[in-house]
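Sequence positions in the sequence shown follow our numbering and run 180 to 499.
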Amino acid sequence: MGKEREKIVKVLKEKESFWVVSHFDPDIDAEASILGLGLGLEGLGKKVSYYNPGPFFNRHKFLPGFEKISTKMLSGAPEAVVVCDCASLDRVGKDMESFIKEFPLVLNIDHHISNTGFGSINYIDADASSTGEIVYNILKDLGVKITKEIAEILFSAISSDTGSFKYNNAQRSAFLAAAELISFGADPAKIAQELYSNNSFSSFKLRALAYAQLNLHLGGVVSEVSLTLRMLQECGANKGDTEMIVEDILGIEGVKVSLFLREEKEWVKGSLRSKPNTVDVSKIAEKLGGGGHINAAGFRQYEDIEKVREKVIQMLGEVL
180 MGKEREKIVK
190 VLKEKESFWV
200 VSHFDPDIDA
210 EASILGLGLG
220 LEGLGKKVSY
230 YNPGPFFNRH
240 KFLPGFEKIS
250 TKMLSGAPEA
260 VVVCDCASLD
270 RVGKDMESFI
280 KEFPLVLNID
290 HHISNTGFGS
300 INYIDADASS
310 TGEIVYNILK
320 DLGVKITKEI
330 AEILFSAISS
340 DTGSFKYNNA
350 QRSAFLAAAE
360 LISFGADPAK
370 IAQELYSNNS
380 FSSFKLRALA
390 YAQLNLHLGG
400 VVSEVSLTLR
410 MLQECGANKG
420 DTEMIVEDIL
430 GIEGVKVSLF
440 LREEKEWVKG
450 SLRSKPNTVD
460 VSKIAEKLGG
470 GGHINAAGFR
480 QYEDIEKVRE
490 KVIQMLGEVL
C-alpha cells in the first residue's frame with residue numbers, strides 16, 4: 180500500500196462523517212465509486228452524504244443505493260469530503276467547488292492520469308481500470324464487509340470503464356477484482372443486461388437516425404456521428420439514449436477512432452473512442468478542455484457543432 184493510500188485509509192478510519200462527491204455528466208464509474216465507498220463507510224457506522232450535480236442517465240439507476248445521491252448542494256459540514264473519479268475540481272459543480280476550495284480536509288481518489296491533485300490528500304492510481312477498482316481496494320484495507328450491493332456497484336464500475344473488459348485498461352488487477360466481486364455476489368450476466376441490453380425503443384429510433392448521419396473521415400480510419408437537439412426531439416429521445424453510439428461506430432472495419440458529437444442548448448458534448456494500440460484520445464480531449472483515458476475520453480465545446488466537428492477531425496488528422 181502506497182503512502183497516499185495509507186493516509187486516505189487512516190482518515191476514513193478516524194473520521195465519522197463524510198461527503199462523497201463525483202463529477203457532473205457522470206458515467207457509471209463516477210456514480211458507482213461514491214456509492215460503493217459510501218455504503219462501505221456506512222457499514223462501518225459512519226455518516227455519509229452523497230452528491231453529484233447530474234444530469235443522470237435513467238439506465239444507470241439500477242445501481243443499488245442510487246436514490247441516495249443528491250443533486251442539491253448538501254447542508255451542514257462533514258469531517259472530510261471525498262471526491263471520486265474527478266480529474267479537476269471544476270467538474271463537481273460551482274457550489275460544491277466553492278465549498279471544497281475552503282474546506283480543510285479533502286480526499287481525492289481517482290484513476291485519471293490528468294488529475295490536478297486538488298485534494299489535501301491525493302491518491303491517484305492511473306494503472307487502475309476504474310475508480311471503482313481503487314475504492315474496492317480501499318474498502319478491503321478498511322476491513323469493510325463487501326455486501327452483494329457493494330459488489331454489484333463496484334463490478335459495474337469496472338465493467339463499464341473497461342468497455343466490458345475490452346479496453347487496454349482491462350489488466351490483471353481488474354480481472355482479479357472482478358472475480359472477487361463475483362464471489363461476493365455480483366452477477367455479471369445481470370449487470371451486463373443492465374449496462375448494455377436494457378435500451379429504450381426511442382434509443383433504437385435514435386440509432387437509426389444516427390447511422391443515417393454516419394461519416395468516415397481520413398481515409399476511413401475515423402467514424403463520426405453528429406446529432407443536433409432537433410434530431411433528439413424528433414425521436415423522443417434523451418441524452419441517455421445516445422450513450423452507446425460512439426461505441427457502436429468504433430466497431431466498423433478499418434476504423435481506429437470514433438467521434439460522437441451531441442448538441443445541447445449551450446454547448447456541444449463530444450465523445451471519443453479508440454481501438455487498442457492506435458490513438459491516445461485523452462490527449463485530444465485535454466486539448467479541448469476535457470479528459471479521460473487512452474481509449475475513451477470526452478469534452479465540451481462552446482461552438483457550432485459543425486465547427487467542432489471540423490476542429491476535432493483536423494486534430495485527429497495530425498496524429499493518424
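Virtual Cβ for every residue (Gly too), placed ideally from N, Cα, C.
{"Asked": "Along the beta strand (DSSP E) that carries residue 349, what are the first and last residues, could you check?", "Found": "Premise fails: residue 349 is in no beta strand (DSSP E) and is neither H nor E."}
{"Asked": "Do residue 368 and residue 334 have their C-beta atoms closer together than 8 Å?", "Found": "no"}
{"Asked": "Just the Cα atoms here: how many angstroms apart are residue 384 and residue 348?", "Found": "32 Å"}
{"Asked": "By a C-beta neighbour count over all protein chains shown, 10 Å radius and 16 as the cutoff for buried, is residue 469 buried or exposed?", "Found": "buried"}
{"Asked": "Could you check which residue in 197, 400, 394 has the C-alpha nearest to that of residue 434?", "Found": "400"}
{"Asked": "Which residues in the same chain have their Cβ closer than 6 Å to the Cβ of residue 365, if we skip the five residues on either side of it in sequence?", "Found": "330, 331, 334"}
{"Asked": "Indicate the three-state DSSP secondary structure (helix, strand or coil) for residue 231 in the structure shown.", "Found": "coil"}
{"Asked": "For residue 491, which option in 245, 462, 473, 474 has the closest C-alpha, if you only look at C-alpha atoms?", "Found": "462"}
{"Asked": "Taking the CB atoms as reference points, tell me whether residue 501 and residue 416 lie closer together than 8 Å.", "Found": "Residue 501 lies beyond the residue range present for the chain, which begins at 180 and ends at 499; the question has no answer from this structure."}
{"Asked": "Using 8 Å for Cβ pairs, my map puts residue 308 next to residue 341. What's the rounded Cβ distance?", "Found": "5 Å"}
{"Asked": "Determine whether the beta carbon atoms of residue 229 and residue 199 lie at a separation below 8 Å.", "Found": "yes"}
{"Asked": "At what residues does the alpha helix (DSSP H) containing residue 412 begin and finish?", "Found": "408–414"}
{"Asked": "Could you check where the alpha helix (DSSP H) with residue 382 kicks off and where it finishes?", "Found": "380–391"}
{"Asked": "With the cut-off set at 8 Å, would you say residue 495 and residue 397 are in Cβ contact?", "Found": "yes"}
{"Asked": "Over what stretch of residues does the alpha helix (DSSP H) that includes residue 292 continue unbroken?", "Found": "Run containing residue 292: none; DSSP gives neither H nor E here."}
{"Asked": "Any contact between the segment 418–432 and the segment 231–242? By contact I mean 3 or more CB pairs, one from each, below 8 Å.", "Found": "yes"}
{"Asked": "Below 8 Å between beta carbons: does that hold for residue 287 and residue 298?", "Found": "yes"}
{"Asked": "Going by beta carbon distance, what residues of the same chain come within less than 6 Å of residue 502, once the five residues before and after it are set aside?", "Found": "An answer regarding residue 502 cannot be provided, because it is not within the stretch 180 to 499 covered by the chain."}
{"Asked": "For residue 167, is the classification buried or exposed, using 16 other Cβ atoms within 10 angstroms of its Cβ as the cut-off for buried?", "Found": "Residue 167 lies beyond the stretch modelled for the chain, which goes from 180 to 499, so this question has no answer here."}
{"Asked": "Quick one: any contact between the segment 182–198 and the segment 243–251, if contact means 3 or more CB pairs under 8 Å?", "Found": "no"}
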